[in-house]
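Take a look at the structure below.
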Amino acid sequence: MAKINLLPWRAERRAQRQKEFYGMLGVAAAISVLLALFIWFYYNGQIDGQNERNAFLQGEIAKVDAQITEINALDKQKDRLLARKKVIEELQANRSQMVHLFDSLVRTIPDGVVLTSIKQEGNVLTLQGRSQSNARVSTYMRNLEGSGWMTKPDLSVIEAKAAEGQGQSAPISVVGRALPYMFSLKVELANPADPGTAPAADPATAPAAAPAGAATPATSQPPQATTPPQTQGSPAS
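Counting from 1, position 234 in the sequence shown corresponds to residue 243 in the numbering used here; the numbering is continuous, with no gaps.
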């Protein structure tokens, strides 16, 4: 005999399926929430870590900036010390230059020439004075060229001019009569100890005393190497 189920099994099956669906939906929602929380914590940790690294880098950058500032200060101090060292080395190298320079000025000045002014600007020496004639100035320039401590003499001015303080109506002084020419010339200082700085003395122009017994021409006078500067000369006869 056939059995017929008259119970509402379709409704029960539908309810069971709905229950399973809601259960799966709740599990999926829970997993989604957990996954979202995991992602949030992960990225939050990454952000915190990056912030810590940024703070560390900022601190290191501040340290490096302080070191750079200190290095710049040390470089400036080094430059100042090197400049002082250079000045000291130059003074050490040229400490005897002025002694030799004035000795050369004394030894190279010929008779009939006196110096009234000496001015130094860097490596250029300006000499002003009075002379008995143009030939005396030429002799003086040759002596300077051959001294070894001064080179490249350049005559700026030479003219017949009364001594300072003498007007046109005032009587001519002894110096004005004996040394009527006023001259101004420039020379470059040289250090014979440095190769190539000063030229070698030319035997034809270097100051030297006349040999014993040699006759001196009346129209020219050889440079006297050991003649000190005179304050007053007399006109050549």
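Backbone N, C-alpha and C define an ideal beta-carbon position, used for all residues, glycine too.
Asked: Measuring straight from C-alpha to C-alpha, what distance separates I48 and I56?; Found: 12 angstroms
Asked: Going by other Cβ atoms of all chains shown within 10 Å of its Cβ, with 16 needed for buried, is L198 buried or exposed?; Found: buried
Asked: Where does L188 fall in DSSP's three states?; Found: coil
Asked: Decide yes or no for the touch test of the segment 118-135 against the segment 147-155: beta carbon pairs closer than 8 angstroms, at least 3 of them.; Found: yes
Asked: What is the rounded straight-line gap between the Cα of E69 and the Cα of N63?; Found: 10 angstroms
Asked: Could you pull the start and end residues of the beta strand (DSSP E) that Q141 belongs to?; Found: Where Q141 is concerned, there is no enclosing beta strand (DSSP E), given that its DSSP letter is neither H nor E.
Asked: Mark P17 as exposed unless 16 or more other C-beta atoms lie within 10 angstroms of its C-beta, in which case mark it buried.; Found: exposed
Asked: Does DSSP put S156 in a helix, a strand or coil?; Found: coil
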